[in-house]
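Okay, so the sequence shown: first residue is 779 according to UniProt numbering, each after it adds one.
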Amino acid sequence: QAKRDGRAHYQYFSPEMNVEMLERMHLEQRLRKAVKQSEFYLEYQPVIDMHSGEVTSVEALVRWQDPDYGVISPQAFIPIAEEAGLIEPLGEWILQQALSDLAQWHAQGLMLKMAINVSARQCIHSRDISFFDILKQTLAKHDIAAENLHIEITESMLIEDKPQCLQTLESIKQLGVDIYLDDFGTGYSALSYLTQCPISVIKIDKSFIDNALDNPSDAKLIKAIVMMAQSLEMPLVAEGVETVEQWHFLRNLGCDYAQGYLMSKPLAKAELVEFLRHAKPFQYLEIGTELSAV
Ligand code: C2E
Ligand code: MG
Ligand code: MG
Ligand code: MG
């Protein structure tokens, strides 16, 4: 019996554990402490222009390094941070860190753009300072032109139907920071949002890409999304491209940008710099037309 408890205990603390199994209060408490002590770091995933094969931007992705549990995925803690009212300080830390890194890269001559994920809650400010002001101030602090940053929001932000949210997005767009619609196709928002909200670029969710080559109906959906984006004159990013076949399929359809393990996983700051110094334009692009999967 004691042994079984011991094993259970060990599993509880193993880095591979499912964070959902943790007691909610406990996790929230730890998260609160983590935000105070900045137990986070960012990884950056390159986004590649499918036409030139060049890295054009990186997406900042947050990780929580808990001293006991190891690295915890944002999918596990971002929703808790949102509910616990911790996403505002955390989001501010992310913005600071990401733009400070970007400024360093620019100083080194690496002229990248950066994407930052933003939760709906960050835009519906209950505080004395708005997300827009924080964004503007942080850009100024690091002397970064707004054109070098874009933010990624999900359809849920549009569904919430908070006028304040839309207003914030409008101001952000006017500042020169483009807004990308993340995980497109997984939400429930009306398509009319695409033209009513200041969205510049659509990111097709990984779940469609996963099955693009095995599932004809997913392939058709992707084709429809590409056609829609083209008629709206909105560039498309494909998320979660893992195989050369997926790359060719998407490129031949007319997708503009790709992000995925095929090109690169999210990288630590130092790894990214190495990656960029040695990266040549992705070669397998050149044979794309011959391998058309459509
Ligand atoms: P997302 O913004 O859609 O980010 C893409 C996710 O797909 C990332 O997961 C990335 O590592 C993963 N990914 C990219 N390419 C591939 C691939 O080829 N194969 C596979 N299996 N996965 C791939 P990650 O880093 O775990 O982030 C998950 C989600 O957490 C993000 O989805 C985003 O919604 C949220 N998130 C991450 N960082 C932040 C942040 O700084 N702020 C906010 N508010 N949310 C964040
Ligand atoms: Mg994203
Ligand atoms: Mg996404
Ligand atoms: Mg996602």
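Just so it is clear, CB atoms sit at the ideal spot from N, CA and C, and this is done for glycine as well. Bear in mind the structure is a predicted one, so any value in this text is a computation, not a measurement.
Cβ-Cβ distance between residue i and residue j below 9 Å
i            : j            : result
residue 972  : residue 959  : yes
residue 1024 : residue 990  : yes
residue 908  : residue 932  : no
residue 834  : residue 1039 : no
residue 934  : residue 910  : no
residue 810  : residue 844  : no
residue 988  : residue 1018 : yes
residue 839  : residue 994  : no
residue 817  : residue 842  : yes
residue 876  : residue 892  : yes
residue 1031 : residue 1000 : yes
residue 1055 : residue 828  : no
residue 1042 : residue 1013 : no
residue 867  : residue 813  : yes
residue 879  : residue 1058 : no
residue 1051 : residue 883  : yes
Local conformation of residue i per DSSP, three classes
i            : result
residue 928  : strand
residue 837  : strand
residue 886  : coil
residue 848  : strand
residue 786  : With a pLDDT of 41 at residue 786, under the threshold of 50, the modelled position of this residue cannot be trusted, and the question is left open.
residue 825  : strand
residue 872  : helix
residue 894  : strand
residue 1045 : strand
residue 864  : coil
residue 1060 : coil
residue 1071 : Unreliable positioning characterises residue 1071 in this predicted model, as indicated by a pLDDT of 32, which lies under 50. A coordinate reading is not provided.
residue 1052 : helix
Assumed close pair residue i, residue j - CB separation to whole angstroms, cut-off 8 Å
i           : j            : result
residue 912 : residue 969  : Between residue 969 and residue 912 the Cβ distance is about 31 Å, and since that is not below 8 Å, they are no contact.
residue 836 : residue 825  : 7 Å
residue 957 : residue 922  : Not really, about 17 Å apart at Cβ, beyond 8 Å.
residue 955 : residue 924  : 5 Å
residue 856 : residue 897  : 7 Å
residue 902 : residue 942  : 6 Å
residue 900 : residue 865  : 6 Å
residue 831 : residue 1027 : Not really, about 16 Å apart at Cβ, beyond 8 Å.
residue 965 : residue 986  : Actually they do not touch by this definition, with Cβ atoms about 13 Å apart.
Beta carbon proximity, residue i to chain B, threshold 9 Å
i           : result
residue 828 : Any reference to chain B falls outside this structure, which holds one protein chain only.
State whether the segment 847 to 863 contacts the segment 912 to 922, with contact taken as three or more CB pairs (one from each stretch) at a distance under 8 Å. no
The segment 977 to 984 / the segment 997 to 1016 touching (three or more Cβ pairs under 8 Å): yes
Length-filtered (3 minimum) beta strand (DSSP E) runs lying within the segment 982 to 1041: 1014 to 1017 and 1035 to 1037
Run through the segment 934 to 980 for me and flag every whole beta strand (DSSP E) of 3 or more residues, listed as ranges in chain order. 956 to 962
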